[in-house]
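S.K.: Take any residue in the sequence shown, count from 1 to its spot, add 244: that is its number in full-length UniProt numbering.
All C-beta atoms in this analysis are idealised placements derived from N, C-alpha and C, irrespective of residue type, glycine included.
Quick one: the structure is below, and I'll ask about it shortly.
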Amino acid sequence: DKGNHRHFMLKEIYEQPIVVAQTLKSYVRRLEEQVSLPIPDFDLGTIRRVSIVACGTSFYAGMVAKYWFEQFARVPVDLDVASEFRYRAPVMEEGGLALFISQSGETADTLAALRHARSEGQKIAVVVNVPTSTMAREADLLLPTHAGPEIGVASTKAFTCQLAVLAAFAANLARAKGRLDAKAEKEVVRHLSEAPAAINGALAYDESIEAMASVIAGARDVLYLGRGPDYPLALEGALKLKEISYIHAEGYAAGEMKHGPIALIDENVPVIVIAPSGPLFDKTVSNMQEVQARGGKVVLISDYDGIQAAGENCMATITMPKVHPLIAPIVYAIPVQLLAYHVAVAKGTDVDQPRNLAKSVTVE
Ligand code: F6R
245 DKGNHRHFML KEIYEQPIVV AQTLKSYVRR LEEQVSLPIP DFDLGTIRRV
295 SIVACGTSFY AGMVAKYWFE QFARVPVDLD VASEFRYRAP VMEEGGLALF
345 ISQSGETADT LAALRHARSE GQKIAVVVNV PTSTMAREAD LLLPTHAGPE
395 IGVASTKAFT CQLAVLAAFA ANLARAKGRL DAKAEKEVVR HLSEAPAAIN
445 GALAYDESIE AMASVIAGAR DVLYLGRGPD YPLALEGALK LKEISYIHAE
495 GYAAGEMKHG PIALIDENVP VIVIAPSGPL FDKTVSNMQE VQARGGKVVL
545 ISDYDGIQAA GENCMATITM PKVHPLIAPI VYAIPVQLLA YHVAVAKGTD
595 VDQPRNLAKS VTVE
């Protein structure tokens, strides 16, 4: 049932404040100001390395997690798309945790990678949305997302719930490694707890995003730029746009532009820049200005301060609530989803059932 919404995708985008809050309940204890795991006695302290494996949008959630795990817990992370993992003969040592991320819990490549990691002696953790799925059954450490059934083929609410779980998991890992004192843990809980309201704040800009969709809908190619933990969002933005609007789109690390892709820039290629205020803002903005200097038309997604500082020569800006950098990837997922959605609607494509795609990919 789509409720009042025209498509399942839009309904699922709008469910995010609720389902992210619901998911976080299993991972943070707000009153105690502590992060927690659904399986509290699982020993994270002995984990020496994490291998993250997933496909598509779930892979991009894993890519954000790599930044978090390394930054907060100082645990080295390998990251692979599942279809590559087994075939590159990955080195898996004792004390390794293999972490699989999947909405459906049935994706064939991810499942095969899970079984391979198990045969190599890894502990198996699974972030999964379907609690009765094969991956859920095969996990040593089951980390459920509580997004509820996701019907739209393009993943939306599952992604932000995955990010919520992974951020909380990063904090749990950091604590187990002695790298998160009680004060820092309190802060993490506070920031995570702010995510649902911030998502709501982001949804409030739906109309202004819709208003610019027709411009993007006329483009043949679109680029997305981001840095640090927001770089995977650039990749996710490009994937969403490709799969539902059939516009060719690519995501790049902002600093990579000058190593090749800037040659693509002209007034016909919109460039969507994801740049929340924070330690990486100035660097991203200087990459954005390199694009503008070559006639590129930029859509800047930032908070009020960021747009005040750098929005002047942009074709358009999208204002997000000001959030702590930890939750920025969760909040900035919303404009990226909404933009793809409205562009697809403007183009008249089948938003919930894009051509050539299936919700669950059960063949390798
Ligand atoms: C993109 C999308 C796909 C899935 C991918 C993995 O919007 O939905 O890229 O993310 O097929 O699926 P799961 O998460 O079920 O393993």
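I'd like the span of the alpha helix (DSSP H) that includes residue 362, first residue to last.
M.R.: 352 to 363 is the span of the alpha helix (DSSP H), which, as asked, contains residue 362.
S.K.: Would you list the one or two residues that DSSP bridges to residue 493?
M.R.: Residue 493 pairs with 466.
S.K.: Between which two residues does the alpha helix (DSSP H) carrying residue 326 extend?
M.R.: Taken as a continuous stretch (DSSP letters only), the alpha helix (DSSP H) holding residue 326 covers 326 to 329.
S.K.: DSSP beta-bridge partners for residue 344?
M.R.: DSSP output for residue 344 lists 297, 370 as bridge partner(s).
S.K.: When DSSP labels each residue in this structure, what does residue 544 get in the three-state scheme?
M.R.: It is a strand residue.
S.K.: Relative to the C-alpha of residue 527, which residue among 359, 314, 474, 584 is closest?
M.R.: Cα-wise, what sits closest to residue 527 is 474.
S.K.: Write down every uninterrupted run of the beta strand (DSSP E) in the stretch 251 to 301 whose length is 3 residues or greater and which is fully enclosed by it, in chain order.
M.R.: DSSP runs (the beta strand (DSSP E)) wholly in the stretch 251 to 301: 293 to 298.
S.K.: Three or more C-beta pairs under 8 Å: does that hold for the stretch 452 to 463 against the stretch 570 to 577?
M.R.: Touching, no, given that fewer than three Cβ pairs across the two stretches are closer than 8 Å.
S.K.: Rounded to whole angstroms, what is the Cα-Cα separation between residue 390 and residue 401?
M.R.: Approximately 9 Å, taken between the alpha carbons.
S.K.: Rounded to whole angstroms, what's the CA-CA distance from residue 273 to residue 550? Just pull it up for me.
M.R.: Residue 273 and residue 550: Cα-Cα distance of roughly 32 Å.
S.K.: Does residue 564 come out as helix, strand or coil in the three-state DSSP assignment?
M.R.: Strand.
S.K.: When every heavy atom of the ligand F6R is checked, does at least one fall within less than 6 Å of the C-beta of residue 299?
M.R.: Within the cutoff, so yes.
S.K.: Identify, in the order they occur along the chain, each residue of the same chain with its Cβ nearer than 6 Å to the Cβ of residue 395, setting aside the five sequence neighbours on each side.
M.R.: Excluding residues within five positions, the ones whose Cβ falls inside 6 Å are 252.
S.K.: By the 10 Å Cβ neighbour count, where 16 or more other Cβ atoms means buried, how is residue 580 classified, buried or exposed?
M.R.: It counts as buried.
S.K.: Put residue 571 into one of helix, strand or coil per three-state DSSP.
M.R.: Three-state result, residue 571: coil.
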